[in-house]
Amino acid sequence: MLRKFVAFVLLAVVVGLAVYWLVTMPKSVAAASLPAYAPNVANGETMFNAGGCASCHAPDKDNRTLLGGGMELPSPFGAFHVPNISQNPADGIGRWSEADFVTAMTKGTSPDGRHYFPSFPYTSYASMKLEDVRDLFAYLKTLPQAAGKSQPHDLPFPFNIRRNLGGWKFLFFDDKPFVADASKSPQWNRGAYLVNGPGHCAECHSPRNLLGGLVASQRFAGGPNPEGKGWVPNITQKGLSGWSDKDIAYFLESGMTPEGDSAGGSMTPVIENTARLSAEDRMAMAVYLKSLAPVDGPARPGKS
Amino acid sequence: MIVRILVAAVAVAVGASTVVAQQDAIAARKALMKATGAQTAVAVKMVKGDEPFDLAKAKAVFVAYQDAAAKGPGLFPANAKEGGDTTAAPKIWENKADFDAKFAKFGADAKAAEAKVVDLATLKASFGEVSKNCAGCHNEYRVKK
Numbered sequence: 001m002l003r004k005f006v007a008f009v010l011l012a013v014v015v016g017l018a019v020y021w022l023v024t025m026p027k028s029v030a031a032a033s034l035p036a037y038a039p040n041v042a043n044g045e046t047m048f049n050a051g052g053c054a055s056c057h058a059p060d061k062d063n064r065t066l067l068g069g070g071m072e073l074p075s076p077f078g079a080f081h082v083p084n085i086s087q088n089p090a091d092g093i094g095r096w097s098e099a100d101f102v103t104a105m106t107k108g109t110s111p112d113g114r115h116y117f118p119s120f121p122y123t124s125y126a127s128m129k130l131e132d133v134r135d136l137f138a139y140l141k142t143l144p145q146a147a148g149k150s151q152p153h154d155l156p157f158p159f160n161i162r163r164n165l166g167g168w169k170f171l172f173f174d175d176k177p178f179v180a181d182a183s184k185s186p187q188w189n190r191g192a193y194l195v196n197g198p199g200h201c202a203e204c205h206s207p208r209n210l211l212g213g214l215v216a217s218q219r220f221a222g223g224p225n226p227e228g229k230g231w232v233p234n235i236t237q238k239g240l241s242g243w244s245d246k247d248i249a250y251f252l253e254s255g256m257t258p259e260g261d262s263a264g265g266s267m268t269p270v271i272e273n274t275a276r277l278s279a280e281d282r283m284a285m286a287v288y289l290k291s292l293a294p295v296d297g298p299a300r301p302g303k304s
Numbered sequence: 305m306i307v308r309i310l311v312a313a314v315a316v317a318v319g320a321s322t323v324v325a326q327q328d329a330i331a332a333r334k335a336l337m338k339a340t341g342a343q344t345a346v347a348v349k350m351v352k353g354d355e356p357f358d359l360a361k362a363k364a365v366f367v368a369y370q371d372a373a374a375k376g377p378g379l380f381p382a383n384a385k386e387g388g389d390t391t392a393a394p395k396i397w398e399n400k401a402d403f404d405a406k407f408a409k410f411g412a413d414a415k416a417a418e419a420k421v422v423d424l425a426t427l428k429a430s431f432g433e434v435s436k437n438c439a440g441c442h443n444e445y446r447v448k449k
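From first to last, the protein sequence lines stand for chains A and B.
Under our numbering, think of the first position of the first sequence as 1, with each following residue one higher.
Under our numbering, think of the first position of the second sequence as 305, with each following residue one higher.
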């Protein structure tokens, strides 16, 4: 009897470990799976601005293309340190293949086969078109090298075990590409793509659960600032019903609200990015945001 | 005894007037920011095309900015760091010289803009330049609550 029980427990442990191993296995994109392609560097620059790469990776805001990283990104799980993604072969990503880059952006896996933390918003970038990711890679190749490696992330156990992120991805990461809604206009679809894919607006403008996953039912409904103090606004029509699509587009261009206030906090560097997009792209984002049904976000303490 | 009472009374009065001064400064700067924001909204509406261009209104925006820039530094005395639900960052008083210089630049830019504006195109250009000062200062010296 006891022997049977021990055997059962051992079997359960082995099966459990096997399931853990399989579920948490990092995925990658094979170089052979990428079709021949002539990248469009100008579109890559658009993706660079839409994606907000400079906001985290360029420490000097006046030199947006020097992507040395180093900035600390606080979170409830510990402090992340933004890596160098410049073309420096030793400290940056200068030696990366295109497949390495596509894998990082759409699978959240590093070239050495480890999971990235979702502080790098591959959860949104994964829905980017393959061509856009490849154009971005080609654009990054044209940018200067920055020296210096950033320090490792400062996370307590168990968040520092990268393999566990496979479980997190299993729960919260949908690596499907963006699918256009044929019932909507091309402008709406462009906006939906920019907001949800490269723009990764939902990453800050949605509440997160205890494990750091986005609360899907409250997407875009705002919540506590994951970087610490303050509150991220609700950008569904619950929060922006008083804004016209023109108001939103102008805000993305200038950082000015219809009330005459300026964007603050982490939105200011975002405006630096959206200000560089085309007026058409900003309007597309605005049209999409205006279409979001009103959703209540978490209750803001101290405010009614 | 009487002296003591007098001293105590004076102390209380001084304390109370300090509180009043502090509340006054905080209320005054809030009102000033609000008025400046309302003027900004006027310019924003014209720039967006929601309202027709009006030279007098456009110039008034930049005049209001100069007024705000002139009054601003005086509304952040060292005794008005906290209270009244202020969003002024403590950093203001660590870098008061830089803070004041930012107001001065804002005023100078507004003055230049007032001189330049003649039509919608010039309003767009100069408003875009001047309004960079808002975010420039708010980011550093306003705390988000």
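For glycine and all other residues, C-beta sits at the position ideal for the given N, C-alpha and C.
This one's a predicted model, so the numbers in the text were calculated from it and none came from an experiment.
Practice prompt. Go ahead and label residue 297 of chain A buried or exposed: buried means 16 or more other beta carbons lie within 10 angstroms of its beta carbon, across all protein chains shown.
Written response: buried
Discussion item. Looking at the secondary structure, which residues open and close the alpha helix (DSSP H) in which residue 442 of chain B lies?
Written reply: 424–445
Item to complete: Could you tell me whether any Cβ in chain B is nearer than 7 Å to the Cβ of residue 274 of chain A?
Response: no
Practice prompt. Name the residue from B:330, B:331 and B:352 whose alpha carbon lies nearest to the alpha carbon of residue 424 of chain B.
Written response: B:352
Discussion item. For residue 261 of chain A, would you say it is in contact with chain B, using Cβ-to-Cβ distances shorter than 7 Å as the test?
Written reply: yes
Worksheet item: When we look at the beta-carbon of residue 229 of chain A and count the other beta-carbons within 10 Å, is it buried (16 or more) or exposed?
Response: exposed
Item to complete: Might you give, ordered along the chain, the residues of its own chain that have their beta carbon closer than 8 Å to the beta carbon of residue 218 of chain A, omitting 5 neighbours on each side?
Response: 206, 207, 295, 296, 297 and 298
Discussion item. So within the region 334–377 of chain B, which uninterrupted alpha helix (DSSP H) runs reach at least 4 residues, ignoring any that extend past its ends?
Written reply: 359–375
Discussion item. Quick check on residue 327 of chain A: buried or exposed, where buried means 16 or more other Cβ atoms within 10 Å of its Cβ?
Written reply: For chain A, the structure presents residues 1 to 304; residue 327 of chain A sits outside this window and is missing.
Discussion item. Residues of chain B with CB closer than 9 Å to the CB of residue 246 of chain A, please, in chain order.
Written reply: Chain B residues near residue 246 of chain A: 352, 353 and 354.
Worksheet item: Who pairs with residue 73 of chain A in a beta bridge, going by DSSP?
Response: A:80
Discussion item. Measuring straight from C-alpha to C-alpha, what distance separates residue 288 of chain A and residue 345 of chain B?
Written reply: 24 Å
Worksheet item: When the distance is taken between beta carbons, is residue 44 of chain A closer than 7 Å to residue 136 of chain A?
Response: Yes. Within cutoff.
Worksheet item: Hey, is residue 11 of chain A close to the ligand ATP, as in C-beta under 6 Å from one of its heavy atoms?
Response: In the structure on display, the ligand ATP does not appear, and there are no ligands present to speak of.
Fill in: alpha helix (DSSP H) runs wholly inside the region 191–256 of chain A, at least 4 long, in chain order
202–205, 237–240 and 245–254
Worksheet item: What does residue 256 of chain A reach in chain B if we use C-beta pairs closer than 7 Å?
Response: 344, 348 and 435
Worksheet item: Does the beta-carbon distance from residue 200 of chain A to residue 80 of chain A come in below 7 Å?
Response: no
Worksheet entry | residue 264 of chain A: contacting residues in chain B (beta-carbon distance under 7 Å) | Simply 442, 443, 446 and 448.
Worksheet item: Are the C-beta atoms of residue 250 of chain A and some chain B residue less than 7 Å apart?
Response: Chain B has a Cβ within less than 7 Å of the Cβ of residue 250 of chain A.
Item to complete: Compare the Cα-Cα distances from residue 246 of chain A to each of B:370, B:333 and B:355 and report the closest residue.
Response: B:355
Practice prompt. Determine the DSSP secondary structure at residue 100 of chain A, reduced to helix, strand or coil.
Written response: helix
Discussion item. Helix, strand or coil for residue 153 of chain A? Go by DSSP, reduced to three states.
Written reply: Residue state, collapsed to three classes: coil.
Worksheet item: Relative to the alpha-carbon of residue 203 of chain A, which residue among A:280, A:272 and A:52 has its alpha-carbon at the smallest distance?
Response: A:52
Practice prompt. Quick one: list the residues of chain B neighbouring residue 268 of chain A, beta-carbon separation under 7 Å, in chain order.
Written response: 439 and 443
Discussion item. Alpha carbons only, please: which of A:265, A:257, A:276 and A:285 is nearest the one belonging to residue 343 of chain B?
Written reply: A:257
Item to complete: Could you tell me the distance, in whole angstroms, from the CA atom of residue 193 of chain A to the CA atom of residue 35 of chain A?
Response: Our two residues, residue 193 of chain A and residue 35 of chain A, have alpha carbons roughly 22 Å apart in a direct line.
Practice prompt. Could you tell me the distance, in whole angstroms, from the CA atom of residue 266 of chain B to the CA atom of residue 232 of chain A?
Written response: The structure shown does not extend to residue 266 of chain B, since chain B is modelled only from 305 through 449, so no value can be given for it.
Practice prompt. Count the C-beta pairs between the region 357–368 of chain B and the region 261–276 of chain A that are closer than 8 Å, then say yes if the count reaches three, no if not.
Written response: no
Worksheet item: Can you give the beta carbon distance from residue 212 of chain A to residue 118 of chain A, rounded, assuming they're within the 8 Å contact cut?
Response: 7 Å
Worksheet item: Does any C-beta atom of chain A lie closer than 7 Å to the C-beta of residue 411 of chain B?
Response: no
Worksheet item: Ends of the alpha helix (DSSP H) at residue 415 of chain B?
Response: Where residue 415 of chain B is concerned, the enclosing alpha helix (DSSP H) stretches over 400–420.
Worksheet item: Using a Cβ-Cβ distance under 7 Å, would residue 288 of chain A count as near chain B?
Response: no
Discussion item. Could you pull the DSSP bridge partners for residue 109 of chain A from this structure?
Written reply: A:115
Worksheet item: In terms of residue numbering, what span does the alpha helix (DSSP H) encompassing residue 271 of chain A cover?
Response: 267–274
Worksheet entry | Extent of the continuous alpha helix (DSSP H) run through residue 24 of chain A | Counting along the chain, residue 24 of chain A falls outside any alpha helix (DSSP H), and DSSP gives it neither H nor E.
Worksheet item: For residue 160 of chain A, which residues from the same chain have a beta carbon less than 8 Å from its beta carbon, with the 5 sequence-adjacent residues on both sides left out?
Response: 78 and 153
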